[in-house]
Amino acid sequence: MLELEHGFRIVDVYARLAPDGSTAEFGRRTITPDRLEREMHQAGITRSIVFPPASAETSYVAPNNGVARRSVDRPFVAVARINGTEGTDTSVTGRFRNAISTRREFHTTPEDVEKYAYDDRFHGFVIDATVDGYPDEDVLATLEDVGLPVIVRGGVDAPPETLATTLLERSFPVVVAHFGGHPLEHSRMHEMVDLLDDYDDCYLETSFVRYRDLLERALLEHPDRVLFGSGAPACHPDVAVMEILTLDVSEDKLWRAFSKNACRVFEGLAPDGNA
């Protein structure tokens, strides 16, 4: 794809990175850290939040460390993927299962959270509730203690109302990926925008949000709460950037979405950040 030309400083809060540096499968595409870096540069993205893919019943210690190593000397800012014992099923059976669930050897512990938080290689956390589950109360309390931002994949299995009761009432910043409606759940995305009125430390990330009306609505109503995410490598960063550039909003709101908002939430994305 052609290299984009624009006058914005762009930072990206949602990109996956192969933890071991080898090629990683994403559908039929393969991509290496070097290629991801080139594609980000091509799109004019100066820094990117990166994390390993989700994997069921797997300890994330090694993948997180692999991503941190692959971020050295690259414009990548690593966040640690974590998991938990709480499932996404909100039925009576699901709530009972959560009540009796116990942490297993691959689950993230409060001690893991503290290690990541005080390791200057990591700048926050990420959860895919569908695969990773939700953290238990002890882990959530430790997340509140350390206060780093948490990115959570929103979607049909992690709807806005569930995110509100499990994460949004906590004291740490929460970045809801895909406007909380992946894949393309228009009504859920609108619900997530509505929730911004109630939760001051909640932010929305733009990857895979293909509806112009939703993106424009969020930027017009909550210009300080929208963060650009590319969704790379599943989506080419050029495409994600163009979707924002073509919105009918002011240049100031584009600056906020592309960099100003994200730099407030993730210090490592700032021009002088320690990435």
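Take the numbering used here: the last position of the sequence shown gets the number 275, and nothing is skipped along the way. Note that beta-carbon positions come from the ideal geometry of N, C-alpha and C, so glycine has one too.
- Residue environment analysis places Asp132 among the buried positions, since at least 16 neighbouring C-beta atoms fall within 10 angstroms of its C-beta.
- Scanning its chain for C-beta atoms nearer than 6 Å, with the 5 sequence neighbours on each side dropped, one finds around Val13 the residues Ile49, Glu205, Leu227, Gly229, Ala262, in chain order.
- Only residues of its own chain outside the window of five on either side were considered, and among them Tyr134 have a CB closer than 7 Å to the CB of Thr166, listed in chain order.
- Between Pro237 and Ala78, the C-beta spacing is not below 8 Å.
- Under the three-state reduction of DSSP, Asp157 is assigned to coil, being neither helix nor strand.
- Contact between the stretch 108–115 and the stretch 65–77 is absent: fewer than three C-beta pairs spanning the two stretches fall below 8 Å.
- Taking the CA atoms as reference points, Glu57 sits about 44 Å from Glu251.
- The alpha carbon of Pro173 has as its nearest neighbour, out of Leu4, Phe266, Ala18, the alpha carbon of Phe266.
- In terms of Cβ geometry, Ala234 and Glu39 do not form a close pair [threshold 8 Å].
- Taking the CA atoms as reference points, Gly180 sits about 10 Å from Thr162.
- Runs of the alpha helix (DSSP H) lying entirely within the stretch 20–87, each at least 4 residues long, are 33–42, 61–71 in chain order.
- Counting only residues of its own chain and dropping the five nearest sequence neighbours on each side, Tyr60 has a CB closer than 6 Å to the CB of Arg81.
- Excluding its 5 nearest sequence neighbours in each direction, Gly84 has C-beta neighbours in its own chain below 7 Å: His107, Thr108, Asp132, Gly133, Tyr134, Pro135, Asp136, Val139, listed in chain order.
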